[in-house]
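Undergrad: Dropping a structure here in structure tokens format, bear with me for questions.
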Amino acid sequence: MAKYIAKRSALAVATLIAIILLLFLLLELMPGSPFNIDKVPFDTRAMIMEHYGLDRPVMERFAKYLANMLKGDFGISYSLSKKTPITALLAIRLPVSIRLGVQAVLLGTIFGLALGMAAAIWHGKAMDTIATVVSVLGVSLPSYVFALTLSYFAGFRFQLAPMLYQASSPIYSSVLPTISLSMFTIATVARFTRTELLEILGSDYMLFAESKGISGAALFFRHALRNALIPIITVLAPLIVALMTGSLVVERIFSIPGIGSLLVSAIQANDYNVIIALSFIYSAMYIFIMLVLDILYGIIDPRIRITKEGE
Amino acid sequence: MQAEFKENDFELSGKDILADHADFASEPIWKDILYRFYKRKINIVCLSVILFVIFMAIVGPYLSGRTYEAQIIEHQNLAPRVQGLEKLGIFDGSEKIHYSNGTSAKVNKYRARDDLSNVYYWFGTDVLGRDIFTRVWMGARISLYIAFVAVIIDIAFGLTYGLVSGFVGGAIDSVMQRTVEIINGIPNLIIVTLLIIALKPGLFTITLALMLTGWIGMSRIARAQALRIKEMEYLLASRSLGARAVRLIFVEILPNTIGQIITNMMFSIPNAIFTEAFLAFIGLGVPLPMASLGSLIADAFKSLTTHPYMISFPVGVLVLLMLSFNILADGLRDAFDPTMKER
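First to last, the sequence lines map onto chains A and B.
Following our numbering, the numbering of the first sequence begins with 1 at its first residue and continues without gaps.
Following our numbering, the numbering of the second sequence begins with 1001 at its first residue and continues without gaps.
Pasting the structure below:
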């Protein structure tokens, strides 16, 4: 097990280094400049370049860049909010995004589980059809379709919940974005739970448990559901990816001050430092979560561990 | 005393199956697949929807007699109006303006102005007075082009990469798989976004971005299949008859993986369309005045509360495409391998 974790962690570190290199290379290659080169006189430009250390050789800048990044210092924002350290921007915005993500995962898992269980219990009935329709919609449609629909109908026309995010009521005003973001989770979890449960409910050991006299809730929850949920880790990876992509558009639609909307604004304003920093944060979070999932998976299913070690 | 059974006491189970194969002749496998595919009615519906969108993407932009880029500023923000349907009170060019205080008013710009009495915009116009009908079907072209690109990438890169990696094995497989793991370790979103920023946004860049990441899923499936089939005896037979690696991979292994491959290809189409629509929405799509469904949605989002019809048509077409491709992919998977159902 220790060998597997070590191997997997080494790969994660290698990926992270590859990303840092890639980011720096892109920074060098990017067209345009936040300083709007054409209109600024040459002297002024040279002064600005010197001020930001952009006139130094590439290797020197990379060494400094790497050192700063490891210290958690991502430099300053060039154009979005001038001279603000990116760390300060992140300190305000990262918690908002993470809270939204956690809310969406919680809501998605609870509703997805309930829906999947209901569909398996009433297999072939109306409930099953509802669950199937919801999962097909949730898996197929991008989260911004839900976000736009909810924002227009629930937020604007019928005024059921706030259409825009307000920092004064962070929970209530994030109801609609949370629902939009959780649709994919609901769909995936519901589909997964239903399939696994149906397979287990028809298995021999369930018949055996029933014939021993275990019945009702105990049978369902302790024997069926518990076994159905073990492999759920396999569907978590695409969920994380969907949440990350979803956060960009959903935060923009509901004007939530998180890192997703910050990245979109940075892209549109050519604020490279912010883009690089956020790309790094997104990648680091992604790599870390994947590492944890893989290790968990290795603990639960030793076959994965053994085949990987054998390679 | 046991009761006697009469002739009609039993009913033959699976009658409907027998009826389909009444002559008990063995059927070629593709007939079985087609039979299972057509049996699920929703497959036919989705196939028709996709064919309809393809048809409209080809002829749609020429139907209204307007180009996708022509701006007539006097015609801005006109609601949808369709000949014939307007007599029924729908699509008559009127729209309800909702105010944030809850009140609303119905206005019809076509009637209010004399020069518009004979003007028809089937899907309405946008804030610059461009014909949304033409723009939506031009946007559908982009999405379908992306779908086509996704398929080509799957075959050209993913399939070949996976089959070779799995078949050759050993050190080469190891190197190829580590490479995949590293690429897969970087979130797709980041690679694609950065690439498009570094290069110029446009159709070529989006194609390139899809090429960088789109083939991973297919290569994994192809590799797993190659590993499975490699050990089979018919392959040993072929090898001992002197078949070379290229023949073994593409003539012996490939046809036996075709079900999985087509299914996976179908799933990668909606994924690619989604990626494009997502990029366009955050401002990394095709440059103006070209339109893709994603950029149309991003544009119309600014007028969501004032002119909701602007966003409803591109969203509608995108939803139709995404749903149809996804359901069709599900249907194909079940048709190819009924035991794979819902996994």
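Just so you know, even glycine gets a beta-carbon here, dropped at the ideal spot from N, CA and C.
Residues in the stretch 45-71 of chain A with C-beta within 9 Å of chain B's C-beta atoms, listed in sequence order?
TA: Cβ contacts with chain B come from no residue of the stretch 45-71 of chain A.
Undergrad: Please classify Val1127 (chain B): does DSSP put it in a helix, a strand, or coil?
TA: Residue state, collapsed to three classes: coil.
Undergrad: Taking the Cβ atom as the reference point for each residue, do Leu1321 (chain B) and Phe1037 (chain B) lie within a distance shorter than 8 Å?
TA: Not closer than 8 Å, so no.
Undergrad: Taking the alpha-carbon positions, what's the Glu309 (chain A) to Tyr4 (chain A) distance?
TA: With a pLDDT of 45 at Glu309 (chain A), under the threshold of 50, the predicted position of this residue should be treated as unreliable, and no value is reported.
Undergrad: Mind checking if Glu1181 (chain B) is an interface residue toward chain A, Cβ cutoff 8 Å exclusive?
TA: Taking Cβ atoms only, chain A reaches closer than 8 Å to Glu1181 (chain B), which makes this a yes.
Undergrad: Would you mind reading off the limits of the beta strand (DSSP E) that contains Ile1097 (chain B)?
TA: From DSSP, the beta strand (DSSP E) with Ile1097 (chain B) extends over Ser1094 to His1098.
Undergrad: Since Ser1104 (chain B) sits in a beta bridge, which residues does DSSP pair it with?
TA: DSSP lists B:His1098 as partners of Ser1104 (chain B).
Undergrad: Could you say which of A:Tyr144, A:Gly155, A:Lys125 and A:Pro41 lies nearest to Leu1293 (chain B) if we only look at CA atoms?
TA: Among A:Tyr144, A:Gly155, A:Lys125 and A:Pro41, the Cα nearest to that of Leu1293 (chain B) is on A:Tyr144.
Undergrad: From the beta carbon of Ser97 (chain A), is the nearest beta carbon of chain B less than 8 Å away?
TA: Closer than 8 Å: no.
Undergrad: Checking contacts by CB at 8 Å: is Pro142 (chain A) closer than that to chain B?
TA: By this cut-off, Pro142 (chain A) is an interface position.
Undergrad: Would you mind giving the Cβ-Cβ distance between Thr1160 (chain B) and Pro1061 (chain B), rounded to the nearest angstrom? I have them listed as a contact below 8 Å.
TA: Contact flag wrong, Cβ pair sits at about 35 Å.
Undergrad: Give the range of the alpha helix (DSSP H) segment to which Tyr1234 (chain B) is assigned.
TA: Element bounds for Tyr1234 (chain B): Glu1233 to Ser1240.
Undergrad: Could you give the distance in angstroms between the alpha-carbon of Gly246 (chain A) and the alpha-carbon of Thr1263 (chain B)?
TA: If I take the Cα positions, the gap works out to 25 Å.
Undergrad: By the DSSP assignment, the alpha helix (DSSP H) with Ser182 (chain A) in it spans what residues?
TA: That run of the alpha helix (DSSP H) goes Val175 to Leu201.
Undergrad: If contacts are defined as beta-carbon pairs under 8 Å, then Met1266 (chain B) and Ala1329 (chain B) qualify, I think. What distance do you get, rounded to the angstrom?
TA: With 8 Å as the limit, Met1266 (chain B) and Ala1329 (chain B) qualify as a contact, their Cβ atoms being about 4 Å apart.
Undergrad: Going by C-alpha distance, which of B:Arg1130, B:Phe1274, B:Pro1187 and B:Leu1163 is nearest Pro1289 (chain B)?
TA: Closest by alpha carbon: B:Arg1130.
Undergrad: Our contact map puts Tyr151 (chain A) next to Asn1326 (chain B) with C-beta atoms below 8 Å; I'd like the distance itself, whole angstroms only.
TA: According to the sequence shown, residue 151 (chain A) is Ser rather than Tyr. Going by Cβ atoms, the distance from Ser151 (chain A) to Asn1326 (chain B) rounds to 23 Å, so no, they are not a contact pair.
Undergrad: Let me know the alpha helix (DSSP H) ranges lying completely inside the stretch 4-28 of chain A, each 4 residues or longer, listed in chain order.
TA: Listed in chain order, nothing qualifies, since the stretch 4-28 of chain A has no complete alpha helix (DSSP H) run of 4 or more residues.
Undergrad: Under 6 Å Cβ to Cβ from Thr1207 (chain B), same chain only, skipping five residues before and after it: list those, please.
TA: These residues qualify, in order along the chain: Val1149.
Undergrad: Answer yes or no: do Leu239 (chain A) and Phe184 (chain A) have a C-beta to C-beta separation smaller than 8 Å?
TA: Result yes, Cβ atoms of Leu239 (chain A) and Phe184 (chain A) sit closer than 8 Å.
Undergrad: Go through its chain and collect everything with a Cβ distance to Gly1162 (chain B)'s Cβ below 7 Å, but skip five positions before and after it.
TA: Around Gly1162 (chain B): Met1218, Ser1219, Arg1220, Ile1221, Ala1222, Arg1223 and Ala1226.
Undergrad: Taking the alpha-carbon positions, what's the Phe74 (chain A) to Lys7 (chain A) distance?
TA: Rounded to whole angstroms, Phe74 (chain A) to Lys7 (chain A) spans 29 Å at the Cα level.
Undergrad: In chain A, what lies closer than 8 Å to Phe1274 (chain B) by C-beta?
TA: Simply Pro142.
Undergrad: In its own chain, which residues sit with a C-beta less than 8 Å from the C-beta of Arg1081 (chain B), not counting the 5 before and 5 after it?
TA: The answer, listed in chain order, is Phe1091, Asp1092, Gly1093, Tyr1110, Val1119, Tyr1120, Tyr1121, Trp1122 and Gly1124.
Undergrad: So which residues on chain B does Arg157 (chain A) lean against when the C-beta distance must stay under 7 Å?
TA: Within 7 Å Cβ-Cβ: His1098.
Undergrad: Are the C-beta atoms of Lys1006 (chain B) and some chain A residue less than 8 Å apart?
TA: Not an interface residue.
Undergrad: By the 10 Å Cβ neighbour count, where 16 or more other Cβ atoms means buried, how is Leu113 (chain A) classified, buried or exposed?
TA: Classification of Leu113 (chain A): buried, given that the 10 Å Cβ count is 16 or more.
Undergrad: Out of B:Asp1337, B:Ile1182 and B:Thr1306, which has the shortest C-alpha to C-alpha gap to Leu1078 (chain B)?
TA: For Leu1078 (chain B), the nearest C-alpha among the options comes from B:Thr1306.
Undergrad: Looking only at its chain, what residues have a beta carbon closer than 6 Å to the beta carbon of Leu1199 (chain B), apart from the 5 residues adjacent to it on each side?
TA: These residues qualify, in order along the chain: Thr1205.
Undergrad: Listed from N- to C-terminal order along the chain, which residues in the stretch 1274-1297 of chain B have their beta-carbon within a distance smaller than 8 Å of any beta-carbon of chain A?
TA: Those would be Phe1274, Ala1277, Phe1278, Phe1281, Ile1282, Gly1283, Leu1284 and Ile1297, in chain order.
Undergrad: Do Ala284 (chain A) and Leu16 (chain A) have their C-beta atoms within less than 8 Å of each other?
TA: Taking 8 Å as the Cβ cut-off, Ala284 (chain A) and Leu16 (chain A) qualify as a contacting pair.
Undergrad: Can you tell me the Cβ-Cβ gap for Ile1229 (chain B) and Ile1253 (chain B), rounded? I've got them flagged as a contact below 8 Å.
TA: Yes, Ile1229 (chain B) and Ile1253 (chain B) are in contact; Cβ-Cβ is about 5 Å, under 8 Å.
Undergrad: Would you check if the stretch 87-94 of chain A and the stretch 156-167 of chain A touch, i.e. whether three or more CB-CB distances between them fall below 8 Å?
TA: Touching, no, given that fewer than three Cβ pairs across the two stretches are closer than 8 Å.
Undergrad: In the DSSP output, which residue or residues are listed as bridge partners for Gly76 (chain A)?
TA: Here the sequence assigns Ile to residue 76 (chain A), which means Gly is not the residue at that position. Its beta-bridge partners are A:Pro85.
Undergrad: Does the stretch 1166-1176 of chain B come into contact with the stretch 1237-1256 of chain B, if we say contact requires no fewer than three beta-carbon pairs (one atom in each stretch) closer than 8 Å?
TA: The stretch 1166-1176 of chain B, when compared against the stretch 1237-1256 of chain B, does touch it at the 8 Å Cβ threshold.
Undergrad: Count the other C-beta atoms from every protein chain shown that fall within 10 angstroms of the C-beta of Leu21 (chain A), then say buried if there are 16 or more, exposed otherwise.
TA: With fewer than 16 other Cβ atoms within 10 Å, it is exposed.
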